[in-house]
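Chains as they are written, first to last, in the UniProt record's numbering: chain E, 1 to 111; chain Z, 1 to 111.
Positions of the beta carbon are idealized from the N, C-alpha and C atoms, including for glycine.
None of the values given here were measured: they were computed from a predicted structure.
There are 2 protein chains.
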Amino acid sequence: MTTESEHTNLACPKEYLLKMLTGKWKPCIFSYASNGPVRFGQIMKLLPEATKQAITNALRELEESNILERKVIREKPLHVEYTLTELGVEFIPIFKAIEELHLLPVRQQKQ
Amino acid sequence: MTTESEHTNLACPKEYLLKMLTGKWKPCIFSYASNGPVRFGQIMKLLPEATKQAITNALRELEESNILERKVIREKPLHVEYTLTELGVEFIPIFKAIEELHLLPVRQQKQ
DNA sequence: TTCAGTAGTCATAATATTTTGACTAATTGC
DNA sequence: GCAATTAGTCAAAATATTATGACTACTGAA
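Given below as structure tokens:
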């Protein structure tokens with residue numbers, strides 16, 4: 001995400017901004033972080049289906065988009081916290097708008 | 001999109017809803033359609049970098065998500081119109097929230 | 001009947017994203 | 001020193017998404 005991938009449509013700012021939030025795990029992680037700082041291990045427990053690598057990828061992408069900030073906490077059990085940046089906070093209304101969809105589509109189940 | 005792809009995270013409704021709107025061309029096409037009915041050829045002109053196939057894929061996915069409706073218009077030049085469905089209209093606030101981001105990130109340019 | 005306009009389909013290739021599974025590294029308590 | 005805790009990295013494989021280029025199908029006008 002440092003440079004544009006071929007996927008990105010340079011003509012559409014909305015596509016660019018949406019892309020910052022999408023991916024298999026990024027929306028969930030964003031939601032968790034919007035309720036306060038989250039740790040790596042905590043996310044692992046909250047998303048038992050996601051692997052370490054998957055979570056690392058999502059966190060790195062959110063960092064590169066300047067949505068999350070990584071902070072090493074030098075305390076009792078040394079750990080890392082991820083918090084929303086100023087930009088990250090600005091994305092909250094987008095998620096609010098998603099939550100407020102009241103005409104929810106019926107979701108297909110896997111066979 | 002008839003059944004869930006492996007990509008989809010069944011635990012996260014937000015991921016599911018965001019996925020309906022994302023992809024290289026879907027956000028643009030959604031925007032156009034939110035200003036009134038659009039035609040296939042019109043989209044081709046508006047998105048000169050997108051191929052027919054790309055546009056077809058985007059339209060089909062938006063149809064399958066029940067965001068757009070395809071209507072064959074039996075008139076002078078026979079053509080097809082795509083309009084927002086009732087569900088589609090509900091997605092407009094999400095795009096509004098994206099437009100209202102005022103702390104816009106600096107966009108990297110391709111080398 | 002042939003042609004332009006409209007709206008596509010199809011098979012294949014190229015890219016991007018996600019998963020898998022083994023391995024690493026710093027700190028703290030014993 | 002040694003193990004547990006926390007937080008990762010790395011290379012490779014599997015999937016998903018997007019692009020390419022040739023081809024199709026219907027309608028109405030000349």
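In the structure shown, what three-state DSSP assignment does R74(Z) receive? For the purposes of this step, residue 74(Z) is taken as residue 74 along the second sequence, with counting starting at 1. R74(Z): coil per DSSP, three-state reduction.
How big is the Cα-Cα spacing for V72(E) and I98(Z)? Looking up residue 72(E) in the first sequence gives position 72. Looking up residue 98(Z) in the second sequence gives position 98. Cα to Cα, the separation comes out at about 31 Å.
I'd like to know if P35(E) contacts chain Z, where contact means its C-beta is closer than 9 Å to some C-beta of that chain. Position 35 of the first sequence holds residue 35(E). Looking at the sequence itself, residue 35(E) is Asn, so the reference to Pro does not match. Not an interface residue.
Pick helix, strand or coil for L68(E), following the three-state DSSP scheme. Position 68 of the first sequence, counted from the first residue, corresponds to residue 68(E). Three-state DSSP puts L68(E) in a strand.
If you run the structure through DSSP and keep just helix, strand and coil, what is L62(Z)? What you label residue 62(Z) is simply residue 62 of the second sequence in a count that begins at 1. Residue state, collapsed to three classes: helix.
Leaving out five residues before and five after K19(Z) in sequence, what residues of the same chain have Cβ atoms less than 7 Å from its Cβ? On the second sequence, residue 19(Z) is found 19 positions in, with the first residue counted as 1. Its chain contains T8 as the residues whose beta carbon lies nearer than 7 Å to that of K19(Z), once the 5 sequence neighbours on both sides are disregarded; these appear in chain order.
Going by the beta-carbon positions, is the gap between L87(Z) and S65(Z) smaller than 9 Å? Position 87 of the second sequence, counted from the first residue, corresponds to residue 87(Z). Position 65 of the second sequence, counted from the first residue, corresponds to residue 65(Z). Their beta carbons are under 9 Å apart, which means L87(Z) touches S65(Z) by this criterion.
Chain-ordered chain E contacts of I55(Z) [CB-CB under 8 Å]: Looking up residue 55(Z) in the second sequence gives position 55. Within 8 Å Cβ-Cβ: nothing; I55(Z) doesn't reach chain E, min ~12 Å.
Strictly by DSSP, which residues pair up with Y82(E)? For the purposes of this step, residue 82(E) is taken as residue 82 along the first sequence, with counting starting at 1. Paired residue(s): V38(E), R70(E).
Is the Cβ of K24(E) closer than 9 Å to any Cβ of chain Z? Start at 1 with the first residue of the first sequence, and residue 24(E) comes out as number 24. Taking Cβ atoms only, chain Z reaches closer than 9 Å to K24(E), which makes this a yes.
Helix, strand or coil: which one does DSSP assign to S31(E)? Against the first sequence, residue 31(E) aligns to sequence position 31. Helix at S31(E).
P77(Z) classed as buried or exposed, judged by whether at least 16 other C-beta atoms fall within 10 angstroms: Mapped onto the second sequence, residue 77(Z) falls at position 77. P77(Z) counts as exposed, since fewer than 16 other C-beta atoms from the protein chains shown sit within 10 angstroms of its C-beta.
Using the rule of at least 16 other Cβ atoms within 10 Å of the residue's Cβ for burial, across every protein chain shown, is S5(E) buried or exposed? Residue 5(E) sits at position 5 when you count from the first residue of the first sequence. By the neighbour-count rule (16 or more Cβ atoms within 10 Å), S5(E) is not buried but exposed.
Expressed to the nearest angstrom, what Euclidean distance is found between the alpha-carbon atoms of T85(E) and A54(E)? One-based indexing of the first sequence puts residue 85(E) at position 85. One-based indexing of the first sequence puts residue 54(E) at position 54. Cα to Cα, the separation comes out at about 21 Å.
When the Cα atoms are used, what is the spatial distance from V89(E) to P37(E)? What you label residue 89(E) is simply residue 89 of the first sequence in a count that begins at 1. What you label residue 37(E) is simply residue 37 of the first sequence in a count that begins at 1. In a straight line, the C-alpha of V89(E) is about 12 Å away from that of P37(E).
Residues of chain Z with a CB under 7 Å from the CB of I94(E): which are they? Locating residue 94(E) in the first sequence gives position 94, where the first residue counts as 1. Ordered by position in chain Z, the residues that pass the 7 Å Cβ test against I94(E) are I94, A97, I98.
Within the continuous alpha helix (DSSP H) that includes L21(E), where are the two ends? For this step, residue 21(E) is matched to residue 21 along the first sequence. Where L21(E) is concerned, the enclosing alpha helix (DSSP H) starts and stops at 13-21.
Going by DSSP in three states, E100(Z) sits in which element: helix, strand or coil? Looking up residue 100(Z) in the second sequence gives position 100. Coil.
What does H79(Z) touch in chain E if you count any residue whose Cβ is under 8 Å from its own? As a position in the second sequence, residue 79(Z) is number 79, starting the count at 1. None at all; the shortest Cβ gap to chain E is about 24 Å.
Using the three-state DSSP reduction, which class does A50(Z) fall into: helix, strand or coil? For the purposes of this step, residue 50(Z) is taken as the residue at position 50 of the second sequence. The DSSP-derived three-state label of A50(Z) is coil.
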